[in-house]
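Below is one structure, written out as structure tokens; comments come after it.
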Amino acid sequence: MIQNPKRYTITAALPYTNGPIHIGHLAGVYVPADIYSRYLRLQGKDVAFICGSDEHGVAISMKAKKEGITPQEVIDKYDGIIRKSFADFGISFDNYSRTSAKIHHDTAQEFFRTLYDNGDFIEETTEQLYDAKADQFLADRFVVGTCPKCGNDGAYGDQCENCGSTLNATDLINPKSTITGETPILKETKHWFLPLDRYTDFLTEWILVGHKSDWKPNVYGQVKSWVDGGLEPRAVTRDLDWGIDVPVEGAEGKKLYVWFDAPIGYISSTKEWAAREGKDWEPYWKDQDTKLVHFIGKDNIVFHCIIFPAMLKAEGSYILPDNVPANEFLNLEGNKLSTSKNWAVWLHEYLEEFPEKQDVLRYALTSNAPETKDNDFTWKDFQARNNNELVAIFGNFINRVVVLTNKYYEGVIPTPNEFSEVDEQTLAELKAYPAVISSSVERYRFREALGELMNVARLGNKYLADEEPWKVMKDNPERVKTQMYVALQIAAALSVLAEPFLPFTSKKLSKILNLSDLKEHFEGFSKFLKEKNRDAKDIIIDKTLDWNDIAENSDLIPAGHKIGEAELLFAKIEDEEIQKQIDKLEATKTANLAESKQPEPQKDLIQFEDFAKMDIRVGTILEAEKMPKANKLLVLKVDTGIDVRTIVSGIAESFSPEEIIGKRVSVLANLAPRALRGVESQGMILMTTNAEGKLVFINPDADAPNGETVN
Numbered sequence: 002m003i004q005n006p007k008r009y010t011i012t013a014a015l016p017y018t019n020g021p022i023h024i025g026h027l028a029g030v031y032v033p034a035d036i037y038s039r040y041l042r043l044q045g046k047d048v049a050f051i052c053g054s055d056e057h058g059v060a061i062s063m064k065a066k067k068e069g070i071t072p073q074e075v076i077d078k079y080d081g082i083i084r085k086s087f088a089d090f091g092i093s094f095d096n097y098s099r100t101s102a103k104i105h106h107d108t109a110q111e112f113f114r115t116l117y118d119n120g121d122f123i124e125e126t127t128e129q130l131y132d133a134k135a136d137q138f139l140a141d142r143f144v145v146g147t148c149p150k151c152g153n154d155g156a157y158g159d160q161c162e163n164c165g166s167t168l169n170a171t172d173l174i175n176p177k178s179t180i181t182g183e184t185p186i187l188k189e190t191k192h193w194f195l196p197l198d199r200y201t202d203f204l205t206e207w208i209l210v211g212h213k214s215d216w217k218p219n220v221y222g223q224v225k226s227w228v229d230g231g232l233e234p235r236a237v238t239r240d241l242d243w244g245i246d247v248p249v250e251g252a253e254g255k256k257l258y259v260w261f262d263a264p265i266g267y268i269s270s271t272k273e274w275a276a277r278e279g280k281d282w283e284p285y286w287k288d289q290d291t292k293l294v295h296f297i298g299k300d301n302i303v304f305h306c307i308i309f310p311a312m313l314k315a316e317g318s319y320i321l322p323d324n325v326p327a328n329e330f331l332n333l334e335g336n337k338l339s340t341s342k343n344w345a346v347w348l349h350e351y352l353e354e355f356p357e358k359q360d361v362l363r364y365a366l367t368s369n370a371p372e373t374k375d376n377d378f379t380w381k382d383f384q385a386r387n388n389n390e391l392v393a394i395f396g397n398f399i400n401r402v403v404v405l406t407n408k409y410y411e412g413v414i415p416t417p418n419e420f421s422e423v424d425e426q427t428l429a430e431l432k433a434y435p436a437v438i439s440s441s442v443e444r445y446r447f448r449e450a451l452g453e454l455m456n457v458a459r460l461g462n463k464y465l466a467d468e469e470p471w472k473v474m475k476d477n478p479e480r481v482k483t484q485m486y487v488a489l490q491i492a493a494a495l496s497v498l499a500e501p502f503l504p505f506t507s508k509k510l511s512k513i514l515n516l517s518d519l520k521e522h523f524e525g526f527s528k529f530l531k532e533k534n535r536d537a538k539d540i541i542i543d544k545t546l547d548w549n550d551i552a553e554n555s556d557l558i559p560a561g562h563k564i565g566e567a568e569l570l571f572a573k574i575e576d577e578e579i580q581k582q583i584d585k586l587e588a589t590k591t592a593n594l595a596e597s598k599q600p601e602p603q604k605d606l607i608q609f610e611d612f613a614k615m616d617i618r619v620g621t622i623l624e625a626e627k628m629p630k631a632n633k634l635l636v637l638k639v640d641t642g643i644d645v646r647t648i649v650s651g652i653a654e655s656f657s658p659e660e661i662i663g664k665r666v667s668v669l670a671n672l673a674p675r676a677l678r679g680v681e682s683q684g685m686i687l688m689t690t691n692a693e694g695k696l697v698f699i700n701p702d703a704d705a706p707n708g709e710t711v712n
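Each residue of the sequence shown is one higher than the one before, starting from 2 at the first, in the working numbering.
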């Protein structure tokens with residue numbers, strides 16, 4: 002672990018531009034990365050927070066084929082959606098690039114060429130899956146089959162989403178082409194491989210020994226499993242028509258494999274940022290005093306902890322990541338998030354349906370973050386965290402402080418009198434929180450850090466509840482001045498400490514407290530005069546309160562300063578809003594069931610005479626009652642047109658007796674009678690099931706009278 006780095010390079014996994022961003026992406030990667038970056042900036046650190054759209058590979062080609070458009074149209078569409086979502090949500094990238102950019106193509110090709118010239122690749126002709134009907138090789142997700150490790154029959158050619166195993170397409174059992182549905186054949190093709198086995202000793206020493214104590218157990222364990230299982234050469238090229246050309250002779254029609262190209266996107270995005278800002282990019286990737294941190298999901302651990310480090314080691318001039326704090330997966334309402342099945346909460350839709358509630362989602366995702374195990378997002382939990390925590394704790398404290406300050410002092414912060422023991426203890430406890438929260442953030446325990454932030458708000462609420470200034474005001478108004486001054490210091494501290502986690506709330510609170518008007522006050526902080534040859538005037542323009550000010554200064558917001566009127570930081574979310582989201586997911590589930598429902602195979606052939614033996618009549622249900630001591634059975638009286646008969650039907654779990662009286666039905670009238678629990682059933686009601694598996698009556702048209710036969 003690097004101590005006191007000069008600068009930080011922070012990367013967030015490049016999102017595929019084959020769809021929008023959903024809450025799983027946010028919880029796993031982008032919210033924790035943004036919290037960490039914002040926190041470091043508040044500490045005055047030199048930070049490059051880097052990301053960009055991943056626009057190559059099979060996923061893009063598949064999306065283009067599915068939508069009947071070009072890959073370029075796909076990446077342009079989703080890059081726009083993703084960029085806007087990130088910006089609207091407050092993800093504070095220093096640069097967000099695209100792997101389709103020329104600077105990236107040049108950087109990736111140069112990187113490949115360096116390794117090629119150094120003899121770091123193995124060139125091999127191997128047999129790969131080939132779709133003869135489509136006349137193309139099947140890379141990665143153009144092939145599905147049965148996973149050899151868990152038996153999942155929907156595994157892709159690069160990964161099984163059921164067990165998380167990384168695969169090669171040729172590993173699949175009973176593979177099928179996703180293009181034509183045909184069974185592929187094996188055909189020879191030439192590719193270049195990175196011999197990962199050569200890096201076993203390096204990876205063992207660097208990670209398994211060097212980072213045993215500071216990397217997350219889930220990351221360390223997965224790396225150890227891969228290394229212990231024996232590393233093998235990994236292809237860095239693919240037979241594709243979309244991607245970055247392989248820059249060597251004899252590689253016509255071949256592209257760089259997306260997982261060779263994509264992580265280099267961090268480097269090219271840094272180059273783009275540095276050129277725009279007039280900086281030198283190399284120290285952010287090649288200086289040993291730089292701390293490199295990769296934020297990813299657990300499905301990318303192998304690429305960021307084994308493959309990319311092996312690439313960097315082979316190139317020779319780059320630093321290695323100091324940490325890769327990968328998160329586990331976030332599920333949605335008990336089911337795995339799925340882009341293809343639309344089982345997701347899409348960020349751009351959330352921002353439309355919950356305007357100005359970015360911080361509510363940031364809070365819910367961080368407080369339930371899948372840091373060490375898979376967690377589940379539910380809309381009821383989202384509502385409870387907003388109403389019971391953000392509104393009732395954080396918002397309640399700020400509202401009481403601001404309302405009372407305006408009520409008692411017309412918004413002007415009072416001059417405190419002598420501090421009581423409780424006052425001093427409260428202010429001392431407040432000063433301790435920056436270090437406590439910092440400790441959690443710097444160990445990538447963002448859920449824990451957020452809990453400590455909320456404890457600051459709880460400190461404020463407890464102080465007000467114990468001191469009761471609204472009661473003390475009657476007999477000792479001088480004491481209330483001190484109480485309100487102390488409470489306002491807590492409010493000011495919250496405006497800073499909340500910024501990494503709740504940036505929109507922090508900004509709103511700073512505005513309520515008019516912190517930007519405290520220029521003269523902050524000019525008195527001597528440390529402002531010492532920063533990087535900048536004078537106080539420059540610094541005041543840049544910021545007001547600093548993270549470390551909270552621990553070092555008791556007078557965060559001074560007496561005589563006028564604050565603004567009260568505004569609600571958070572609004573209660575009603576049941577109707579949550580039910581709308583639950584109904585939306587249920588509609589998706591129904592649509593997925595309908596799409597995936599396979600009709601039963603046709604039964605054996607029969608002759609016309611066999612069908613003619615059945616006497617199917619139009620009838621009407623006249624009476625219905627539950628069969629005693631039988632949960633599934635209803636006893637029906639049915640007018641078949643030729644008689645009124647009793648039919649026992651196993652539909653009680655789907656229908657109540659009341660709702661089916663008067664229902665027109667189709668009846669198999671000449672079915673041999675059968676005694677069920679002592680009641681003779683004289684026929685059968687014809688039913689089917691809908692997409693949700695619920696029973697549905699086979700109804701005749703209304704103008705068909707009872708007794709008409711179905712021919």
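Virtual Cβ for every residue (Gly too), placed ideally from N, Cα, C. No experiment lies behind these values; they were computed from the predicted model shown.
Does the beta-carbon distance from residue i to residue j come in below 9 angstroms?
{"i": "THR12", "j": "ILE51", "result": "yes"}
{"i": "VAL325", "j": "HIS295", "result": "yes"}
{"i": "TYR97", "j": "PHE87", "result": "yes"}
{"i": "PRO504", "j": "GLY45", "result": "no"}
{"i": "GLY158", "j": "VAL144", "result": "yes"}
{"i": "TRP193", "j": "ILE245", "result": "no"}
{"i": "ILE24", "j": "ALA345", "result": "yes"}
{"i": "PRO284", "j": "ARG8", "result": "yes"}
{"i": "SER178", "j": "ASP132", "result": "yes"}
Closer than 6 angstroms by C-beta to residue i: which residues in its own chain qualify, once you throw out the five before and the five after it? Chain order, please.
{"i": "ARG675", "result": "SER682"}
{"i": "ARG480", "result": "VAL473"}
{"i": "GLY29", "result": "GLY298 and ASN328"}
{"i": "ASP172", "result": "PRO149"}
{"i": "ALA567", "result": "ASN400, VAL403 and VAL404"}
Which same chain residues, not among the five before or five after residue i, have their C-beta less than 7 angstroms away from its C-beta?
{"i": "GLN289", "result": "ILE320"}
{"i": "LEU731", "result": "As shown, the chain starts at 2 and ends at 712. That puts residue 731 outside it, with no answer to give."}
{"i": "SER38", "result": "ILE11, VAL48, PHE50 and SER93"}
{"i": "LYS531", "result": "For LYS531, the pLDDT reaches just 45, beneath the cut-off of 50, and the residue's location in the model is therefore unreliable, although a value from the coordinates is still provided. Counting only Cβ-Cβ distances below 7 angstroms, and skipping sequence neighbours, we find nothing."}
{"i": "PRO658", "result": "ALA625, GLU626, LYS627 and LEU635"}
{"i": "ILE713", "result": "The structure shown does not extend to residue 713, since the chain is modelled only from 2 through 712, so no value can be given for it."}
{"i": "GLN426", "result": "none"}
{"i": "ASN462", "result": "ILE394, ASN397 and PHE398"}
Among the residues of its own chain, which have a CB less than 8 angstroms from the CB of residue i, if the five just before and after it don't count?
{"i": "GLU468", "result": "VAL423 and GLN484"}
{"i": "ASP198", "result": "GLY231, LEU232, GLU233 and PRO234"}
{"i": "CYS164", "result": "CYS148, LYS150, CYS151 and ASN153"}
{"i": "ASN19", "result": "ALA60, ILE61, MET63, LYS64, VAL75, TYR79 and THR340"}
{"i": "VAL437", "result": "GLU453"}
Against chain C, does residue i count as a neighbour if the rule is that its beta carbon must be under 9 angstroms from one of theirs?
{"i": "ILE661", "result": "Chain labels in this structure do not include chain C; a single protein chain is all it has."}
Run the CB neighbour count on residue i, radius 10 Å, all protein chains shown included, and call it buried at 16 or more, exposed below.
{"i": "LYS472", "result": "exposed"}
{"i": "ASP95", "result": "buried"}
{"i": "SER517", "result": "exposed"}
{"i": "GLU273", "result": "buried"}
{"i": "GLN4", "result": "exposed"}
{"i": "GLU500", "result": "buried"}
{"i": "PHE304", "result": "buried"}
{"i": "ASP576", "result": "exposed"}
Quick one: what's residue i bridged to in DSSP?
{"i": "HIS192", "result": "GLU125"}
{"i": "GLN160", "result": "THR167"}
{"i": "ILE622", "result": "VAL639"}
{"i": "ASP246", "result": "LYS256"}
{"i": "TYR9", "result": "VAL48 and LYS292"}
{"i": "THR689", "result": "VAL697"}
{"i": "ILE617", "result": "LEU669"}
{"i": "HIS26", "result": "The partner list for HIS26 (beta bridge, DSSP) is empty, contrary to what the question assumes."}
{"i": "ILE648", "result": "LEU637"}
Considering only residues of the segment 438-504, which uninterrupted alpha helix (DSSP H) runs meet the minimum length of 4 residues and lie entirely inside it, listed in chain order?
As far as the segment 438-504 is concerned, its whole alpha helix (DSSP H) runs of at least 4 residues are 447-468, 470-476 and 478-498.
Mind listing, in chain order, the continuous alpha helix (DSSP H) runs of no fewer than 4 residues lying wholly within the segment 53-134?
Residue ranges of uninterrupted alpha helix (DSSP H) with 4 or more members, entirely inside the segment 53-134 and ordered along the chain, are 59-68, 72-90 and 103-118.
Segments assigned beta strand (DSSP E), at least 3 residues, entirely inside the segment 325-411:
List check, beta strand (DSSP E) in window: 331-333 and 376-378.
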